[in-house]
Structures are given as structure tokens and as C-alpha cells.
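Enquirer: Residues in the sequence shown are numbered consecutively from 1, following the UniProt record's numbering.
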Amino acid sequence: MCFLGCFECCIKCLGGIPYASLIATILLYAGVALFCGCGHEALSGTVNILQTYFEMTRTAGDVIDVFTMIDIFKYVIYGVAAAFFVYGILLMVEGFFTTGAIKDLYGDFKITTCGRCVSAWFIMLTYIFMLAWLGVTAFTSLPVYMYFNLWTICRNATLVDGTNLCLDLRQYGIVTIGEEKKVCTTSESFIKMCDSNELNMTFHLFIVALAGAGAAVIAMVHYLMVLSANWAYVKDACRMQKYEDIKSKEEQELHDIHSTRSKERLNAYT
């Protein structure tokens, strides 16, 4: 009997888990972790590459240069990691709030009045975050494109002897037009950069960060489907509750009318 009681309790707990929200949360955390972790390390590798092989230095004073922008991006990554960690927890709580286990515990009325407003708010917020992650994904593809060009130049330089290919940072807006920061295949720094593991590692880290941003977009789309379903559920539950209230009220009125007529007939008979 004790085993059956524990088994029924476990089944009830498992039935109350919002699996769709759980899957979306895991995907969101995985995507954000890949984007933030790999993006942070890729930015640090980019700083080392610019300083070592392109001989760039930080600008003194309050001038915003590429190194200052990289530092800003790192702080943005810290904020994104913290914000979406909290947001994932909130969405999981919302998923638990609209499950059958909470419905059985608190009743239809509390779920339909609070849950509908909460679900609608999260739908709007998640849609905005989905658009933001689409922008982040597009922005992350830019360094992937830059490193792919650099990787292609290194590959072509090793395959074709005697070629003189150059990479100018002015093409990508990293430096101003007046500055000439470029490396060519005939220079020693270019050969060292192509032979180093730092270039290959940074390139692949940006690719993984791009994949993480794409996973976050998929998680946001998944959340939108889950939240829309939850909103429809609580909306139908609200209508059902109103129908049950009206039906119960009508039955009570009919019962009162029947009781009144029965008393009138009994009084007339007596």
C-alpha cells in the first residue's frame, strides 16, 4: 500500500511537470551558454590577434576604438547571461502555473484570472526577445564572415605559391580610413598567424556562438508556441468556469422555483 501511494504521488508529480516549457528552457540555457561563453572567449582571442599580428594598440583617452567596443560587448554578454537565466526561471514558473497539478490545487478561478494576464504578458515579452535574438544572430554572423575570409586567405596562400594576398581591416570598418592596418601573405606576421592555433580557435568559437544564438531563437519560438497554448488553455478554462457558474445559478433558481411551488401546493392542499 505504501509503495502504491508513493507510485501514485510520483505519477502525479510527473504529470504536473510542463515538459514543453522544460525543453524550451533547456534549449534556451544551452543556446545562451554557448553564445555567452564562446562569444566572450572569441572576443578575447580577437583582441590578442589584433594586438599580436596587426600591431594595434589601445587608444589613450576617451576615444572609442575597436578594443573599447569589444569591452562593451563583453559587458553586454554578462548582462544577457544573467537576464535570460532569470527569464528562463520565470517562464518555467509560468509553465507550472498553468499545469493540471496547479489547477487541481488552486481551482479554476485563480488560474483563469491570473494566468491569462501572465500568459499574455509573457507572449508579448517573448516575441520582443525573439526579434532581439534574431538581430543578435545576424550581428554574430559578421565576425564569422570576417574570420572565414581570413581563413580562406590563409588556405589559398598555402595552396598557391607566389601569391600576395592582403587583408585590410579598413574593409570591415575596424579602423578608420586614415589608418593602414593590413597583413599580406608575404609578411612574417601573416605566416605566424595562419600557423597559430589562436586563429583557428577564435574562428570556431565564433561559429559556436552563432549556433548558440540560433538555438536561443529556436527556444524563443518554442516558448511562443507554449505560451500561446497556455493562453488558449486558460481562456477556455475561464469560459468554462463562467458557463459552469451560469449553469449552477440557473439550476439553483430552478430548484428554488420548484421548492416554492411545492410549498404553495402543500399549503393549498392543507
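By construction, the Cβ of each residue, glycine as well, lies at the ideal position given by its N, Cα and C atoms.
What three-state label does DSSP hand I102 in the structure shown?
Expert: Reliability of the predicted coordinates at I102 is poor, the pLDDT of 47 falling under 50, and no value is obtained from them.
Enquirer: So A216 and L28 are in contact, right, with Cβ under 8 angstroms, and what is the actual spacing, rounded?
Expert: 6 angstroms
Enquirer: Find the nearest neighbour of C184 within the set L169, G31 and G88, judged by alpha-carbon distance.
Expert: L169
Enquirer: So the candidates are K192, F190 and M56; which of them puts its Cα closest to the Cα of F67?
Expert: M56
Enquirer: For D71, name the three-state secondary structure that DSSP assigns.
Expert: DSSP places D71 in the helix class (H, G or I) of the three-state scheme.
Enquirer: Is the Cβ-Cβ distance between G79 and T25 less than 8 angstroms?
Expert: Not a contact, by the Cβ cut-off of 8 angstroms.
Enquirer: Check for me: the beta strand (DSSP E) holding D168 runs from which residue to which?
Expert: C166 to D168
Enquirer: Going by CA-CA distance only, name the one from Q171, G135 and M130 that's closest to I218.
Expert: M130
Enquirer: Does the distance from the CB of S141 to the CB of L210 come in under 8 angstroms?
Expert: yes
Enquirer: Excluding five sequence neighbours on each side, which residues of the same chain lie with their C-beta closer than 6 angstroms to the C-beta of I174?
Expert: V66
Enquirer: Run through the DSSP bridge pairs and tell me what K192 is partnered with.
Expert: Partner(s): none; K192 has no beta bridge.
Enquirer: Using a Cβ-Cβ cutoff of less than 6 angstroms, which residues in the same chain neighbour F84 once the five nearest sequence positions on both sides are dropped?
Expert: V32
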